[in-house]
Every structure is written in structure tokens, then in C-alpha cells.
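Asker:
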Amino acid sequence: MVYLKIFRQRITTIYSKMEWNTSNNNKEKMTVINGSHFSNLEGFYEEVSRLFLKDENWKVGTLDGFDDLLYGFQGEIIWKNSQKSKKELGFNLTKEFYETKIRQGKPFNIELIQQKLNELMEGNGQTLFEILIEIIESHKNIKLILD
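For the sequence shown, position 102 (counting from the first letter as 1) is numbered 117 according to the numbering used here, and the numbering increases by one without interruption.
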């Protein structure tokens with residue numbers, strides 16, 4: 016818990032040093048995730064690390080890390096080429112993502128991951144794209160625009 020508090024303080028410091036594009040001369044921050052810059056989850060992590068952590072020696076590498084990165088950000092995220100990302104971060108990559116975690120075993124909760132894989136295979140589970148959208152939308156201080 017102390018680590019998370021320190022991490023969030025560090026993220027807040029990073030945001031206070033960043034330069035932002037603004038629209039209509041207001042104070043709302045805006046950044047653009049470009050789906051044409053990546054075709055898998057690792058590429059997505061590289062893209063958001065480049066955008067949010069350009070002068071830092073830390074990079075996003077997990078879904079939880081991406082979620083943590085968004086604390087302290089306030090404004091708009093425009094996801095350009097989102098349909099490309101939706102397709103590429105869709106069923107096949109998500110299935111592979113879960114199967115890899117199951118093969119790796121600990122420290123992952125294999126039962127939970129197997130349940131998520133089963134839900135995906137039955138047509139009820141979320142894709143990686145949908146998970147990323149849910150993460151962004153869980154931050155009420157962020158307006159997501161899919162382009």
C-alpha cells in the first residue's frame with residue numbers, strides 16, 4: 016500500500032512537469048493514442064509510455080500499471096485508429112494473453128485467468144481492447160474519444 020501511494024505521488028509529479036496540447040485555449044489536458052503505432056499489447060504499452068512517461072526511466076508493462084498511470088491525468092484521451100486497435104487487441108490476442116499467463120503459472124491466479132479465458136471462449140468475456148477501454152473509462156476525470 017505504501018508503494019502504491021509513493022507511485023501515485025510520482026505519477027502526479029510527472030503530470031505536473033508534462034507539456035500538454037490544449038483545445039479551445041482551455042486548461043483541459045489532451046493526449047492522442049494512435050492505434051497505427053502498435054498492433055499488440057506490448058506495442059500499446061510502448062505507445063502510452065512514450066506519451067505519458069517520455070522523460071522517465073519507468074515504462075508501463077501491465078494492465079495494472081496502465082491503470083495506475085492514469086491516476087493524476089485529467090482531460091481527454093483521443094484514441095485514433097481505434098477500430099484497428101479493436102481488431103488487433105481482440106479475441107485472438109486476448110486468448111493468447113490468457114493462455115500465456117496460464118502456462119506461466121505463479122504468481123498469476125490461474126483459476127481466475129482460466130475463468131476469464133472460458134468466458135472469452137463462450138463469447139461473454141472481454142477482449143484486451145475492451146479491458147483497456149474499461150480501465151480508461153473507470154477514471155471519471157478522463158474523457159475518452161474513440162476515433
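Just so it is clear, CB atoms sit at the ideal spot from N, CA and C, and this is done for glycine as well.
(1) Pull up the distance between the alpha-carbon of Ile125 and that of Gln141, whole angstroms please.
(2) Counting only beta-carbon separations shorter than 8 Å, does Ile93 have a partner in chain D?
(3) Considering only the beta carbon of each residue, do Asn96 and Asn49 sit closer than 8 Å?
(4) In angstroms with no decimal places, state the Cα-to-Cα distance between Leu68 and Leu84.
(5) Under the assumption that Leu143 contacts Leu56 (Cβ atoms under 8 Å), give the Cβ distance between them as a whole number of angstroms.
(6) By alpha-carbon positions, which one of Leu104, Tyr113, Asp70, Leu161 ends up nearest to Leu132?
(7) Count the other CB atoms, across all protein chains shown, that sit within 10 Å of the CB of Ser44; report buried if there are 16 or more and exposed otherwise.
(8) According to DSSP, which residues form a beta bridge with Thr46?
(9) The beta strand (DSSP E) with Lys110 in it runs from where to where?
(10) Is the beta carbon of Glu149 within less than 7 Å of some heavy atom of the ligand FAD?
(11) Which residues bound the beta strand (DSSP E) around Leu159?
(12) For the region 86-104 against the region 69-77, are there 3 or more C-beta pairs whose distance is under 8 Å?
(13) Should Ser51 go down as buried or exposed, given a rule of 16 or more other Cβ atoms within 10 Å for buried?
(14) Would you kindly work out how many angstroms separate the C-alpha atoms of Leu127 and His154, rounded to a whole number?
Answerer: Walking through what the data contain:
(1) 17 Å
(2) Among the chains of the structure shown, chain D does not appear; only one protein chain is present.
(3) yes
(4) 9 Å
(5) 6 Å
(6) Tyr113
(7) Note on identity: in this sequence residue 44 is Lys, with Ser being the wrong assignment. So Lys44 ends up on the buried side.
(8) According to DSSP, Thr46 shares a beta bridge with Ile92.
(9) No beta strand (DSSP E) holds Lys110; the alpha helix (DSSP H) holding it covers 106-119.
(10) Of ligands this structure carries none, so the ligand FAD is not represented either.
(11) Element bounds for Leu159: 157-161.
(12) no
(13) exposed
(14) 24 Å
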